[in-house]
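First the structure, in the form of structure tokens, and then the observations on it.
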Amino acid sequence: MKKKHSVLYTVIQFTMILAFILFLRKFVLTPVEVVGISMEPTYHESDRVWQTSLIEPSRFDIATFPSPRDGKRIVKRVVGLPGDTIRMENDQLYINDKPYEEPYLDEEKEALTDGELLTKDFSLQTIEVDAATVVPEGKVFVLGDNRRRADDSRYFGFVDKKDIYGVVYFRYYPLNKIGLQ
Numbered sequence: 007m008k009k010k011h012s013v014l015y016t017v018i019q020f021t022m023i024l025a026f027i028l029f030l031r032k033f034v035l036t037p038v039e040v041v042g043i044s045m046e047p048t049y050h051e052s053d054r055v056w057q058t059s060l061i062e063p064s065r066f067d068i069a070t071f072p073s074p075r076d077g078k079r080i081v082k083r084v085v086g087l088p089g090d091t092i093r094m095e096n097d098q099l100y101i102n103d104k105p106y107e108e109p110y111l112d113e114e115k116e117a118l119t120d121g122e123l124l125t126k127d128f129s130l131q132t133i134e135v136d137a138a139t140v141v142p143e144g145k146v147f148v149l150g151d152n153r154r155r156a157d158d159s160r161y162f163g164f165v166d167k168k169d170i171y172g173v174v175y176f177r178y179y180p181l182n183k184i185g186l187q
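Going by our numbering, the first residue of the sequence shown is number 7, and it counts up by one from there.
Right, dumping it as structure tokens:
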């Protein structure tokens, strides 16, 4: 009789551990591979990151969601939240008419040699899709860090918050760049 309880106890323990691991894998430690160059220099092709779906994205967080083009998971920076106005003038980002620094772009701006801006001027009223005066409720405006080569909200419109898989918080590959994001 004691042996039967011991086996049952072991099975219950194993089941609880497995359920906990599956929870962590689904919501806390979801691995994502960066595909493409739209987030350079922050992330490069084949970088590996972990995301969590337990927190809601805030301004300047890097989020993952399905591409409106092909449904594949993509990685972009959340710039505009519901109710925000967004515009870019002379490589300066304005959110609600307040200038914001983008230190993650400094390296790219310094490397420019062609005399052109890193980010062409735009506003929510001039984007190709979903032109609006403010970011609609339940949506976000995203930009890739590689502004000249990124397919982002300027071209495919706003992203539904409900479609966001998670927020990137840790890079685990390449090993020389491992750490919290």
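Here a beta-carbon is modelled for each residue, glycine too, at the ideal position from N, C-alpha and C.
Beta-ladder partner(s) of residue i, from DSSP
i      : result
Tyr110 : None, per the DSSP bridge assignment.
Arg83  : Ile68, Leu149
Met22  : Met22 is not bridged to any residue.
Arg93  : Tyr100, Ser129
Glu39  : Arg54
Asp166 : Lys145
Phe29  : Partner(s): none; Phe29 has no beta bridge.
Gly185 : Arg177
Pro105 : Tyr100
Gly77  : In the DSSP output, where bridge partners are listed per residue, Gly77 has none listed.
Gly172 : Thr70
Integer-rounded CB distance, given that residue j should sit under 8 Å from residue i
i      : j      : result
Tyr179 : Trp56  : Tyr179 to Trp56, Cβ: 10 Å. No contact.
Asp158 : Val148 : 5 Å
Arg160 : Phe128 : 6 Å
Val84  : Ile92  : Going by Cβ atoms, the distance from Val84 to Ile92 rounds to 11 Å, so no, they are not a contact pair.
Pro88  : Gly144 : 7 Å
Arg65  : Pro37  : So it is not a contact: roughly 25 Å between Cβ atoms.
Pro63  : Val135 : That pair is no contact at about 20 Å.
Residue burial classification, residue i (beta-carbon count within 10 angstroms, cutoff 16)
i      : result
Lys126 : exposed
Leu3   : No answer is possible for residue 3: the residues shown for the chain start at 7 and end at 187.
Gly185 : exposed
Val40  : buried
Arg177 : buried
Val165 : buried
Ala69  : buried
Arg49  : As written in the sequence, residue 49 is Tyr, which differs from the Arg given in the question. Classification of Tyr49: buried, given that the 10 Å Cβ count is 16 or more.
Ser44  : buried
Pro105 : exposed
Phe20  : exposed
Met22  : exposed
Glu51  : exposed
Glu108 : buried
Ile133 : buried
Asp76  : exposed
Item to check | the segment 106-114 in contact with the segment 130-139 per 3-pair CB rule at 8 Å | outcome: Touching, no.
Item to check | At least three beta-carbon pairs within less than 8 Å, the segment 74-91 to the segment 117-124 | outcome: no
Next on the checklist: For the pair the segment 157-176 and the segment 57-73, tell me if three or more CB-CB distances fall below 8 Å.
Outcome noted: yes
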